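Residue 239 in numbering that gives the first Met the number 0 sits at position 240 of the sequence shown; the count goes up by one each step and never skips.
Cβ atoms here follow ideal geometry from the backbone N, Cα and C, with glycine treated the same way.
None of these values were measured; they are calculated from a predicted model.
Worksheet for the structure shown next.
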Amino acid sequence: MYGVKQLDRPKSLEQALELLSDNSEIMPFAGGTDILVKMRAQNMQGVHLMSLQDLKELSFIKEMDDGIHIGPMITYAKLAANPLIEKYLPLLKTAALAMGGPQVQNLATIGGNICNGATSADGAAPLMALDTQLVLRSNQGERTVPITEFYTGPGRVVLEPNELLIDIIIPSLPERGFAGVYKKFSTRKAMDIATLGSAATITLNSDGSIAKATLAYCTAGPTPVRCPMAEERLIGESELTDDLLDEVADLAVESANPRTSWRASKEYRINLIRQLAKKVLVESFNEARSSL
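This is how it looks when you write it as structure tokens:
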């Protein structure tokens, strides 16, 4: 079909890892939304594919002592509908609902969205803002990689040919004085790739000052990015004045590396970086303050 050389469908994680250890040329896929586009474009000639659809042990969302664990085979539709996500991670629900339309959301998985390395991935910015940890496994062992270190270039990630993503860990969050927001700007309101997306989280001290801030973007560079200089500037602040927000927005631009594409010019994206930074930070700050 479409010139694909072979399609394997392992029934367990152990079997999948064994296949990968035997053949480094195998290309695993999850929901298949990206693979299908490539197949129809005749870009999968002679490729050896491996479907992960039968690996039910990679489909879970559970609360544990160290945070929320999400299986990489969870679809965006299931992510958006999950009560744990609704309660603790509403910014991730927002991102899930921004991912294409219902057809895509019912097929596309959070793991596939991470591992394809696309800078426009809606899930990338909120996961980066949430200090997400990714657990990778091969037959040789297991390692945990911060998502901030996972992306190495356009469409490139640190995942080795014999590894699979097996767990997505979002560390425990404060019950009070915390909030996070994700906003996506695109040409259409639905079923469109982000021209730019931004996520922020704010954690407040008991006196209302900022204890921690995170700010991340998708489509603001060749990879999803965090903005450490902007985050550090916010520490200790008790009010988000216009002058402070302008300064933080400028620092966010320094961390990004937007490019011109058919969707938007570099200059337009720079303006979006500034404006979205202000929006997500102000909303996160106000929501965090209301929960103290």
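Open item on the list: Please state the DSSP three-state secondary structure of residue 153.
Closed with: Correct three-state label for residue 153: coil.
TODO: Count the C-beta pairs between the segment 197–212 and the segment 51–62 that are closer than 8 Å, then say yes if the count reaches three, no if not.
DONE: Result no; under three Cβ-Cβ pairs closer than 8 Å.
Task: Beta-bridge pairing of residue 166 - partner residues as DSSP gives them - done: The partner list for residue 166 (beta bridge, DSSP) reads 134.
Task: Residue environment, residue 182, which counts as buried when at least 16 other CB atoms sit within 10 Å - done: Burial check for residue 182: the Cβ neighbour count within 10 Å reaches 16 or more, so the residue is buried.
TODO: Keeping to the same chain, check which residues put their C-beta closer than 6 Å to that of residue 138; ignore five residues upstream and five downstream.
DONE: Cβ within range, chain order: 16 and 20.
Task: Sequence-distant residues of its chain with Cβ nearer than 6 Å to residue 236 (five each side left out) - done: Result list for residue 236: 209, in chain order.
Task: Sequence-distant residues of its chain with Cβ nearer than 6 Å to residue 125 (five each side left out) - done: Sequence-distant partners of residue 125 (beyond 5 residues in either direction) whose C-beta falls short of 6 Å from its own C-beta, in its chain, are 90, 91, 94, 181 and 198.
- [ ] Return the first residue and the last residue of the beta strand (DSSP E) that residue 55 is part of.
- [x] Annotation for residue 55: no beta strand (DSSP E) segment contains it, and DSSP assigns it neither H nor E.
- [ ] Assign residue 250 to one of two classes, buried (16 or more other C-beta atoms within 10 Å of its C-beta) or exposed (fewer than that).
- [x] With 16 or more Cβ atoms within 10 Å of its Cβ, residue 250 is classed as buried.
Task: Same chain only: Cβ atoms within 7 Å of residue 230, ignoring 5 sequence neighbours per side - done: So the list reads 212, 213 and 214, once near-sequence residues are dropped.
Task: Contacts around residue 44, its chain only, beta-carbon distance under 6 Å, and the 5 residues preceding and following it disregarded - done: Closer than 6 Å at Cβ, skipping near neighbours: 2.
Task: Cβ separation of residue 157 and residue 148, assumed to be a contact under 8 Å, to the nearest whole Å - done: 7 Å between Cβ atoms; contact.
Open item on the list: My output table needs one value for residue 222: the three-state DSSP class, helix, strand or coil.
Closed with: DSSP, reduced to helix, strand and coil, places residue 222 outside both helices and strands of the structure shown, so it counts as coil.
- [ ] Less than 8 Å between the CB atoms is what I'm expecting for residue 293 and residue 6, so what's the real figure, rounded?
- [x] Here the chain covers residues 0 to 291 and nothing more, so residue 293 does not appear.
Open item on the list: Quick check on DSSP: helix, strand or coil for residue 242?
Closed with: The answer is helix: DSSP assigns residue 242 an H, G or I state.
Task: Counterpart residues of residue 60 in DSSP-defined beta bridges - done: The partner list for residue 60 (beta bridge, DSSP) reads 69.
Task: Beta carbon of residue 223 nearer than 8 Å to that of residue 118 - done: Yes, the pair counts as a contact, with Cβ atoms nearer than the cut-off.
Open item on the list: Please report the straight-line C-alpha distance between residue 151 and residue 207, rounded to a whole angstrom.
Closed with: Spanning the two alpha carbons is a distance of roughly 37 Å.
TODO: Using alpha carbons as the reference points, say which of 247, 261 and 26 lies closest to residue 255.
DONE: Of the listed residues, the one whose Cα sits closest to residue 255 is 247.
Task: For residue 48, three-class secondary structure by DSSP - done: DSSP places residue 48 in strand when its eight states are reduced to three.
Open item on the list: I need the DSSP call for residue 6, collapsed to helix, strand or coil.
Closed with: Residue 6: strand per DSSP, three-state reduction.
Task: Backbone secondary structure at residue 196 - three-state DSSP - done: Looking at residue 196 - three-state DSSP - the assignment turns out to be strand.
Open item on the list: For residue 272 and residue 278, what's the separation of their Cα atoms in angstroms?
Closed with: Between residue 272 and residue 278, the C-alpha separation is close to 10 Å.
Task: residue 32 versus 102, 275, 260 and 270, residue with shortest Cα-Cα distance - done: Answer by Cα proximity: 102.
Task: Cβ separation of residue 131 and residue 165, assumed to be a contact under 8 Å, to the nearest whole Å - done: 14 Å between Cβ atoms; not a contact.
- [ ] Could you pull out every residue in the same chain whose Cβ sits closer than 7 Å to the Cβ of residue 218, ignoring the five residues on either side in sequence?
- [x] Hits under 7 Å: 118, 119, 193, 194, 195 and 196.
Task: Nearest neighbour of residue 113, chosen from 23, 70 and 88 [CA to CA] - done: Of 23, 70 and 88, the residue nearest in Cα terms is 70.
Open item on the list: Only counting the same chain, and skipping five residues up and downstream in sequence, which positions put a Cβ closer than 6 Å to that of residue 177?
Closed with: 202 and 287.
Task: Selected residue, minimal CA-CA separation from residue 111, among 155, 290, 141 and 241 - done: Checking every option, the nearest Cα to that of residue 111 belongs to 155.
Task: Run of the beta strand (DSSP E) containing residue 210, from where it starts to where it stops - done: Here the beta strand (DSSP E) through residue 210 covers 209–217.
Open item on the list: Mapping the DSSP letters down to three states, classify residue 203 as helix, strand or coil.
Closed with: DSSP places residue 203 in strand when its eight states are reduced to three.
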